[in-house]
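A.B. asks:
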């Protein structure tokens with residue numbers, strides 16, 4: 070019995086050591102960067118048409134960022150982490166709350182999204198997770214991730230903690246890139262749709278939003294096995 074207890078204690082210590090090592094490595098990956106990034110790609114959809122290259126595009130952008138000096142990025146692609154708005158937002162939140170980012174913030178934070186997108190006449194833009202239904206206007210707020218919510222999360226979980234700790238001199242510049250359509254989706258009109266800036270209370274202190282296409286238009290996914298025109302450029 071004593072030997073079993075000793076063995077169990079050793080296993081617990083080893084497991085704790087591995088967890089501490091993982092946390093330390095994560096801290097080193099995210100701390101003191103010039104550029105940090107998250108690259109989201111969704112091309113498998115349960116209720117609307119699949120895309121060919123969204124995941125490939127996200128991986129390509131992620132690889133490009135990681136190859137640059139003093140830059141690091143991680144992909145979030147076709148898994149349960151992109152199936153619902155809740156899971157997608159949870160995955161983003163988990164990464165932007167890394168201690169390395171909060172304690173030694175980057176100059177620039179890039180969030181790149183490739184997948185289906187919808188813009189409504191109320192000027193709201195939504196990122197569409199893999200299992201989302203978009204047939205009815207009420208579906209959007211419930212099943213899709215709005216740009217406002219995404220920007221608010223960046224502000225609350227990363228921007229504000231950094232500002233509180235370091236002041237505006239270390240404020241992160243957020244670059245949000247949406248390689249997605251800006252059409253209203255099925256059964257909805259686009260009358261009156263205009264630009265779609267997030268509400269002031271939702272946005273980080275310093276940010277830029279880049280769309281791959283003009284409002285009311287679709288974004289090309291590119292040839293199968295390739296990349297979107299936006300990523301190729």
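Residue numbers (the numbering used here): 70 to 302. For each residue, glycine too, the CB sits at the ideal point set by N, CA and C.
With 16 other CB atoms within 10 Å as the buried threshold, where does residue 31 fall?
C.D. replies: Summary: the structure shown does not reach residue 31, with the chain confined to residues 70 through 302, and so no result is reported for it.
A.B. asks: Taking residue 244 as the reference, give the member of 251, 270, 250 and 274 with the closest Cα.
C.D. replies: On the chain shown, residue 244 is found 175 positions in, with the first residue counted as 1. For residue 244, the closest alpha carbon among the candidates 251, 270, 250 and 274 is that of 274.
A.B. asks: According to DSSP, simplified to helix, strand and coil, what is residue 249?
C.D. replies: The sequence position of residue 249 within the chain shown is 180, counting from 1. In the structure shown, residue 249 sits in coil (DSSP, three-state: anything other than H, G, I, E or B).
A.B. asks: Among the residues of its own chain, which have a CB less than 6 Å from the CB of residue 96, if the five just before and after it don't count?
C.D. replies: In the chain shown, residue 96 corresponds to position 27, counting from 1. So the list reads 168 and 169, once near-sequence residues are dropped.
A.B. asks: Have a look at residue 159 and residue 234 and give me their C-alpha separation to the nearest angstrom.
C.D. replies: For the purposes of this step, residue 159 is identified with residue 90 of the chain shown, where counting begins at 1. For the purposes of this step, residue 234 is identified with residue 165 of the chain shown, where counting begins at 1. Spanning the two alpha carbons is a distance of roughly 24 Å.
A.B. asks: Let me confirm a value: residue 261 is counted as buried when at least 16 other C-beta atoms fall within 10 Å, else exposed. Which label applies?
C.D. replies: Locating residue 261 in the chain shown gives position 192, where the first residue counts as 1. Because the pLDDT of residue 261 is 40, which lies under 50, any placement of that residue in the model is unreliable, and the question is left without a value.
A.B. asks: Suppose only complete runs of 4+ residues qualify. What are the alpha helix (DSSP H) ranges in the stretch 136-178, listed by chain order?
C.D. replies: 154-165 and 168-172
A.B. asks: With distance defined between alpha-carbon atoms, name the residue in 134, 199 and 230 nearest to residue 117.
C.D. replies: Here residue 117 corresponds to residue number 48 of the chain shown, with the count starting at 1. Residue 199 is the option with its Cα nearest to residue 117.
A.B. asks: Take every Cβ of the stretch 161-181, pair it with every Cβ of the stretch 99-111, and state whether three or more of those distances are shorter than 8 Å.
C.D. replies: At 8 Å Cβ cutoff, the stretches touch.
A.B. asks: Does DSSP classify residue 295 as helix, strand or coil?
C.D. replies: For the purposes of this step, residue 295 is taken as residue 226 along the chain shown, with counting starting at 1. In this structure, residue 295 counts as coil in the three-state DSSP scheme.
A.B. asks: Measure the alpha-carbon distance for residue 208 versus residue 196 and round it to whole angstroms.
C.D. replies: The residue given as residue 208 occupies position 139 in the chain shown. The residue given as residue 196 occupies position 127 in the chain shown. Those two C-alpha atoms are separated by around 12 Å.
A.B. asks: At what residues does the alpha helix (DSSP H) containing residue 279 begin and finish?
C.D. replies: As a first step, residue 279 is located in the chain shown; it is residue number 210 there, counting from the start. Here residue 279 belongs to no alpha helix (DSSP H); instead the beta strand (DSSP E) covers 275-280.
A.B. asks: Specify, as a first and last residue, the run of the alpha helix (DSSP H) that residue 233 falls within.
C.D. replies: Here residue 233 is taken as the residue at index 164 of the chain shown, counted from 1. First-last of the alpha helix (DSSP H) with residue 233: 229-235.
A.B. asks: Grab me the residues of residue 127's own chain with a C-beta within less than 7 Å of its C-beta, minus the 5 sequence neighbours each way, in chain order.
C.D. replies: Here residue 127 refers to the residue found at position 58 of the chain shown. So the list reads 108, 109, 110, 144, 146, 181 and 183, once near-sequence residues are dropped.
A.B. asks: Straight-line CA distance for residue 226 to residue 210?
C.D. replies: In the chain shown, residue 226 corresponds to position 157, counting from 1. In the chain shown, residue 210 corresponds to position 141, counting from 1. Taking the straight line from one Cα to the other gives about 21 Å.
A.B. asks: Name, in chain order, the residues that DSSP records as bridge partners for residue 244.
C.D. replies: The residue given as residue 244 occupies position 175 in the chain shown. Residue 244 is bridged to 179 and 277.
A.B. asks: Between residue 290 and residue 121, is the Cβ-Cβ spacing less than 8 Å?
C.D. replies: The residue given as residue 290 occupies position 221 in the chain shown. The residue given as residue 121 occupies position 52 in the chain shown. Contact flag set, yes.
A.B. asks: Can you tell me which of the three DSSP states residue 213 falls into?
C.D. replies: As a working note, residue 213 is residue 144 in the chain shown. Looking at residue 213 - three-state DSSP - the assignment turns out to be coil, as it is neither helix nor strand.
A.B. asks: Please look up how many angstroms separate the CB atoms of residue 212 and residue 202, rounded, as I've assumed it's under 8 Å.
C.D. replies: Taking the chain shown and counting its residues from 1, the one referred to as residue 212 is at position 143. Taking the chain shown and counting its residues from 1, the one referred to as residue 202 is at position 133. Confirmed, Cβ separation roughly 6 Å.
A.B. asks: DSSP puts residue 195 in a beta bridge; with which residues?
C.D. replies: Taking the chain shown and counting its residues from 1, one reaches residue 195 at position 126. Answer is 187 and 215, bridged to residue 195.
A.B. asks: When you compare only the Cα positions, how much space is there between residue 282 and residue 133?
C.D. replies: Numbered from 1 along the chain shown, position 213 holds the residue referred to as residue 282. Numbered from 1 along the chain shown, position 64 holds the residue referred to as residue 133. Each residue's Cα considered, the two are about 22 Å apart.
A.B. asks: With a 10 Å radius around its C-beta and 16 neighbouring C-beta atoms as the bar for buried, classify residue 166 as buried or exposed.
C.D. replies: Here residue 166 refers to the residue found at position 97 when the chain shown is read from its first residue. The residue in question, residue 166, is exposed, as its Cβ has fewer than 16 Cβ neighbours within 10 Å.
A.B. asks: For residue 286, I'd like the list of residues in its chain whose CB is within less than 8 Å of its CB, leaving aside the five on either flank, ordered along the chain.
C.D. replies: Indexing the chain shown from 1 puts residue 286 at position 217. Closer than 8 Å at the Cβ level, and outside the excluded window around residue 286, lie 250, 251 and 252.
A.B. asks: What are the boundary residues of the beta strand (DSSP E) that includes residue 107?
C.D. replies: One-based indexing of the chain shown puts residue 107 at position 38. Run containing residue 107: 104-110, per the beta strand (DSSP E) assignment.
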